[in-house]
Amino acid sequence: MKDARLSPHVSPKARQLPVLQQLAALCYRFERGRPEVLLITTRKSRRWIIPKGWLIDGLTPPETALQEAWEEAGVRGKCDVQAIGRFFYQKRRRKKGPVMCAVDVFPLLATSIASRFPEYQQRQRKWITPKKAAQLVNSPELALLLQKIEPVRH
Numbered sequence: 011m012k013d014a015r016l017s018p019h020v021s022p023k024a025r026q027l028p029v030l031q032q033l034a035a036l037c038y039r040f041e042r043g044r045p046e047v048l049l050i051t052t053r054k055s056r057r058w059i060i061p062k063g064w065l066i067d068g069l070t071p072p073e074t075a076l077q078e079a080w081e082e083a084g085v086r087g088k089c090d091v092q093a094i095g096r097f098f099y100q101k102r103r104r105k106k107g108p109v110m111c112a113v114d115v116f117p118l119l120a121t122s123i124a125s126r127f128p129e130y131q132q133r134q135r136k137w138i139t140p141k142k143a144a145q146l147v148n149s150p151e152l153a154l155l156l157q158k159i160e161p162v163r164h
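For reference, each letter of the sequence shown is one residue, going 11 to 164 in this note's numbering.
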């Protein structure tokens with residue numbers, strides 16, 4: 011499956027890769043009336059990202075995003091049913107080869123944050139302003155989403 015709507019940030023070579031869908035949770039909260047977003051590190055390269063993963067059988071896209079937020083960041087909350095945007099990145103898979111991932115992003119208002127969660131020993135997490143978060147992520151499209159975020163109070 012190819013996606014003709016790939017971002018201009020995607021290289022011509024990457025445009026030839028199969029495109030697979032992922033779902034992500036853009037976790038946010040309000041501290042002293044100001045929005046903060048959550049970034050987590052990847053397990054291997056330790057880059058800053060938001061919780062994301064493949065669609066989970068039996069779950070809707072926003073339910074999958076909510077599950078990923080729990081597993082990867084220990085966040086529970088209220089996930090919007092409408093995605094606020096999409097970003098693309100190239101994923102290198104050892105056995106199956108590279109693919110382009112189209113990641114639909116769902117805003118998630120954090121209502122609780124656990125100290126222990128399934129991947130707590132494998133990741134770091136950081137609550138920061140959307141502007142600072144945009145400076146830390148590698149994806150230009152994710153950075154734009156973070157810069158434009160206007161969290162909605164549920």
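Each residue gets a CB set at the ideal place from its N, CA and C atoms; glycine is no exception.
{"query": "8 Å Cβ cutoff met for Pro45 and Pro140", "result": "yes"}
{"query": "Proximity to Gln31 [Cα-Cα], best of Ser122, Lys101, Arg39", "result": "Lys101"}
{"query": "Buried or exposed by the 16-neighbour rule on C-beta atoms within 10 Å, applied to Gly68", "result": "exposed"}
{"query": "Endpoints, beta strand (DSSP E) assigned at Pro45", "result": "44 to 51"}
{"query": "Contacting residues, own chain, Cβ-Cβ under 6 Å from Ala153 (five flanking each side not counted)", "result": "Ala144, Val147"}
{"query": "From Trp58, Phe127, Asp90, residue whose alpha carbon lies closest to that of Leu119", "result": "Asp90"}
{"query": "Proximity of Val47 and Leu36 at Cβ, strictly below 8 Å", "result": "yes"}
{"query": "Close Cβ partners of Met11 (< 8 Å) along its chain, the five nearest in sequence each way excluded", "result": "Here Met11 scores only 37 on pLDDT, less than 50, and its place in the model should not be relied on; the value that follows carries that caveat. For Met11, where only same-chain residues beyond five positions count, the Cβ hits under 8 Å are Pro28, Val29, Leu30."}
{"query": "Reference Ala112, options Lys62, Phe98, Pro128, closest by Cα", "result": "Phe98"}
{"query": "Identity of the residue in Ile94, Arg56, Leu49 nearest Pro71 by Cα", "result": "Ile94"}
{"query": "Beta-carbon gap between Phe40 and Trp80 smaller than 8 Å", "result": "no"}
{"query": "Alpha-carbon to alpha-carbon, Gly43 and Ala34", "result": "24 Å"}
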